[in-house]
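**Q** Got a structure for you, questions after.
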Amino acid sequence: MDQVQAILQGHDGQSGGEVSSGGDAKRKRVDPYLEARLRRLYGVNIPRWERYLRLLVWFGRDSIVSDEEVAAGTAAKFVANGRNCIVARHHDTFYACVNRWQNSELSFCAETGRWLSVEHDETFDPITGQPTLSSGEPLTVLQVEVRDRGSGREVFLNQPFAESITNWSNWHGFFLLKFGQSIYYNKNVLELVKECLPVSASLGIISFFLTYTVCLLLGLAKAARHGTKFDLTSSAVVLVGYSIPGFVLGILLLVLFGPGDGRIVEVIPLAGLNSAEVPGYAGWSAWQKLLDYAHHLIAPVLCLCIGNFATMTMLTKNSVLDQIHQQYVITARAKGLSERKILFKHILRNALIPLITGFPSAFLGMFFAGSLLIEKVFSLNGLGLLSYEAVINRDFPIVLGSLFIFTILGLIGQLLTDLSYVIVDPRISFEESQG
7 MDQVQAILQG HDGQSGGEVS SGGDAKRKRV DPYLEARLRR LYGVNIPRWE
57 RYLRLLVWFG RDSIVSDEEV AAGTAAKFVA NGRNCIVARH HDTFYACVNR
107 WQNSELSFCA ETGRWLSVEH DETFDPITGQ PTLSSGEPLT VLQVEVRDRG
157 SGREVFLNQP FAESITNWSN WHGFFLLKFG QSIYYNKNVL ELVKECLPVS
207 ASLGIISFFL TYTVCLLLGL AKAARHGTKF DLTSSAVVLV GYSIPGFVLG
257 ILLLVLFGPG DGRIVEVIPL AGLNSAEVPG YAGWSAWQKL LDYAHHLIAP
307 VLCLCIGNFA TMTMLTKNSV LDQIHQQYVI TARAKGLSER KILFKHILRN
357 ALIPLITGFP SAFLGMFFAG SLLIEKVFSL NGLGLLSYEA VINRDFPIVL
407 GSLFIFTILG LIGQLLTDLS YVIVDPRISF EESQG
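In terms of the working numbering, the numbers along the sequence shown are unbroken and rise by one, the last being 441.
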């Protein structure tokens, strides 16, 4: 809550630390009504042990309002179970109903104990939900129950157990991809991840497969022509590329080929993955949009791949050279097999084993960590930039959600690596050896 208060008061992350340690006496504290809503929104109104269990899987009905948020004789609008909900307090009795008129303003009349619809000029009995002045569709009255909690009384929807256990909003936990609400952006963490995922997926997946494809072919060619001019020249080129940081190359490309006064020619877009801001983009054909998408990806993907070409190429070459002098290669040549068939059918499969080992780390590195600076240079809102800004802003729900996603993808990558071993090398088996 100290971090939330610091954000609401307009302070940065550093001043948030001051608030948490006591802060300045002159600073205004967040309004108690707003603080009560924030405590419920971010889940700090529940016991600490329940908060930890919610990180895994947890079933529990959340309160839709607290008595601190609705004073006697007033009403407030909330979203409960995906529906607009009005909660009113008449003395110490709480009433709740679903607003059928989504865009109308409803209030509660304390004198009459009735709902008032300004737009339709109707009043509604809080018990029956029937209009009293003119005909119209009645409100759906919801049954509520009030429980005492440490922060005061909490109002819950009184649902039957069978209905509550099948209600998706009553289930919580990271394993259900429910990461909570972002403190800094005030949005659902999963929605933020969905917004950033296309950028990271485009950069990571394309860069990953492009790097491995190019490096495998180049490494094979270098091994087959070991010691020739082609081998020496290609080694010099990839080592020069290895020495250039990707973000530096990105800045250089934007200066020379991007929009700006110092450009040689403008061929690189400044930001984004498409030209959606261009008038008439919606009317473009699918082929035009695909070409535009590839046009925006060329520079970021090149910057991501340039530093990985040298490592993967030299690793492939050395792995192939280790296999060339093995006994099975000599036997294959003695049988009269062509060099091309020996290289691709026999040597390559054995040379792939050390390369497969680095699949998970290489994929995650390009998908997330490796794209952070590239996303910053090319103004791309990806998961790497989102996670970095979450750490800077101390947005813990995003940090924990991102860490969970990265961990799961890492485990999946490791599983795929183990399965790849079996596909590449038939000698490897997961079955328990006998004897």
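Just so it is clear, CB atoms sit at the ideal spot from N, CA and C, and this is done for glycine as well. No experiment lies behind these values; they were computed from the predicted model shown.
What alpha helix (DSSP H) runs, 4 residues minimum, are completely inside the stretch 223-296?
**A** 235-249 and 252-263
**Q** Any chance the stretch 250-264 sits against the stretch 163-182, with 3 or more Cβ pairs inside 8 angstroms?
**A** no
**Q** Just reading off the beta strand (DSSP E) that Y460 is part of, what are its end residues?
**A** There is simply no residue 460 to check, as the chain begins at 7 and stops at 441 in what is shown.
**Q** In the stretch 319-381, which residue ranges form an unbroken beta strand (DSSP E) of at least 3 residues, counting only runs that do not cross its ends?
**A** none
**Q** Since T413 is in the alpha helix (DSSP H), which residue starts that stretch and which ends it?
**A** F402 to V430
**Q** With DSSP collapsed to three states, give me the class of T172.
**A** coil
**Q** Measuring only the C-alpha atoms, how far is I270 from F263?
**A** Roughly 6 angstroms separates the two Cα atoms.
**Q** Can you tell me the Cα-Cα spacing of H331 and F236, whole angstroms?
**A** 21 angstroms
**Q** Where does G28 land, buried or exposed, given buried means 16+ other C-beta within 10 angstroms?
**A** Here the model assigns G28 a pLDDT of 47, short of 50, so the residue's position is not dependable and the matter cannot be decided.
**Q** Going by C-alpha distance, which of S69, R57 and L378 is nearest P306?
**A** L378
**Q** May I ask which residues mark the beginning and end of the beta strand (DSSP E) holding R155?
**A** V150 to R155
**Q** Whole angstroms are fine: how far does the CA of V104 sit from the CA of R95?
**A** 15 angstroms
**Q** For I52, which option in D154, F402, G289 and E345 has the closest C-alpha, if you only look at C-alpha atoms?
**A** Here the closest residue by C-alpha is D154.
**Q** Look at the alpha carbon of Q420 and the alpha carbon of H352, and state the distance between them as a whole number of angstroms.
**A** 25 angstroms
**Q** By Cβ distance, which residues of its chain are closer than 8 angstroms to Y427, with the 5 residues on each side in sequence left out?
**A** Here the set comprises I359, I362 and I434.
**Q** Would you mind working out which of L415, R43 and F185 sits nearest Y58, comparing C-alpha positions?
**A** F185
**Q** Please state if the CB of L310 and the CB of S213 are separated by a distance shorter than 8 angstroms.
**A** yes
**Q** Quick check on DSSP: helix, strand or coil for A77?
**A** coil
**Q** So, are the CB atoms of L391 and K382 less than 8 angstroms apart?
**A** yes
**Q** Please tell me whether, using a cut-off of 7 angstroms, the distance from the CB of V383 to the nearest non-hydrogen atom of the ligand HEM is below it.
**A** Absence of the ligand HEM is noted for the structure shown, with no ligands found whatsoever.
**Q** What is the C-beta distance between L303 and S208, in whole angstroms, given that I count them as a contact (C-beta under 8 angstroms)?
**A** 6 angstroms
**Q** Under 8 angstroms by Cβ, that's how I've got D401 and S188 pegged, so tell me the actual separation to the nearest angstrom.
**A** 6 angstroms
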